[in-house]
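Have a look at the structure below, then the notes.
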Amino acid sequence: MSAWLIGLLAVIGGLLLAAIVVLVARRLLRTQRVESGWDAWTRVAATLPWRDRIAILRSNSTGLPVQDVRLAALAAQRGEAAQSYLAATAGWTVWVWRAVAAVQLVSAVLHVLDQDWLFAALYLGLAIFWLCMPYLIRFDRRLVARSAEANARLAPDEL
28 MSAWLIGLLA
38 VIGGLLLAAI
48 VVLVARRLLR
58 TQRVESGWDA
68 WTRVAATLPW
78 RDRIAILRSN
88 STGLPVQDVR
98 LAALAAQRGE
108 AAQSYLAATA
118 GWTVWVWRAV
128 AAVQLVSAVL
138 HVLDQDWLFA
148 ALYLGLAIFW
158 LCMPYLIRFD
168 RRLVARSAEA
178 NARLAPDEL
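This is the structure in structure tokens:
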């Protein structure tokens, strides 16, 4: 077999594998989205104007309460749903990130063996990024929890 045919088969195989992983993950996550309340939140969010959605997202991303009091109950609802969803998926997503990091590390080693230093550095940086993802998500979960608590205090009677 020629090199271009092997490369083409590798690309097609990789795309098929990625499509299967995405379809299976969506199927597995459906239950967790429903149980965490994330599906209910997305239905509520669909009725809101974009300005309100962005204000709620900003509130949950920064850990601060919303500036508009009428959105406090919705921001608390989104915060609780996001926190529950992140907690439900935290166990297996760490392993996915570790697997992706392992693939990136193998790619980095292969590029070092080829003496292709630019791509070796790129893949090493990507591996470090994927290994840091659990810590970033843990930090995000704390911000979401703090925002949900602050927004619940703003509008306790509406929850």
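Residues 28 to 186, numbered by the working numbering, are exactly what the sequence shown covers, in order. Each residue gets a CB set at the ideal place from its N, CA and C atoms; glycine is no exception.
Give every residue of the same chain whose Cβ lies closer than 6 angstroms to the Cβ of G106, excluding the five residues on either side of it in the sequence, and list them in chain order. Same-chain partners within the cutoff: N87, V171, S174, A175.
Proximity of W68 and Q104 at Cβ, strictly below 8 angstroms: Going by C-beta atoms, W68 is nearer than 8 angstroms to Q104.
The alpha helix (DSSP H) enclosing G90, as first and last residue numbers: Premise fails: G90 is in no alpha helix (DSSP H) and is neither H nor E.
Please report the residue range of the alpha helix (DSSP H) in which T120 lies. 99–140 is the span of the alpha helix (DSSP H), which, as asked, contains T120.
Taking just the CA atoms, how far does R80 sit from L181? In a straight line, the C-alpha of L181 is about 18 angstroms away from that of R80.
For Q94, count neighbouring Cβ atoms within 10 angstroms of its own Cβ and tell me buried if that reaches 16, exposed if not. So Q94 counts as exposed.
Among A126, R78, V96, the one whose alpha carbon lies nearest that of F156: The candidate whose alpha carbon is nearest that of F156 is A126.
S63 versus R53: straight-line alpha-carbon distance, rounded: Rounded to whole angstroms, S63 to R53 spans 15 angstroms at the Cα level.
So, are the CB atoms of A99 and P92 less than 8 angstroms apart? Yes. Within cutoff.
Pair within 8 angstroms by beta-carbon distance, Y112 and W65: If you check the CB distance, Y112 and W65 come in under 8 angstroms.
Roughly how many whole angstroms lie between the Cα atoms of W119 and A45? Distance between the alpha carbons of W119 and A45: 17 angstroms.
Just to check my reading of the structure: Q131 and A154 have Cβ atoms closer than 8 angstroms, yes? What is that Cβ distance to the nearest angstrom? Sure, about 4 angstroms apart at Cβ, within 8 angstroms.
Are the beta-carbon atoms belonging to M160 and W124 less than 8 angstroms from one another? Yes, these two residues count as a Cβ contact at 8 angstroms.
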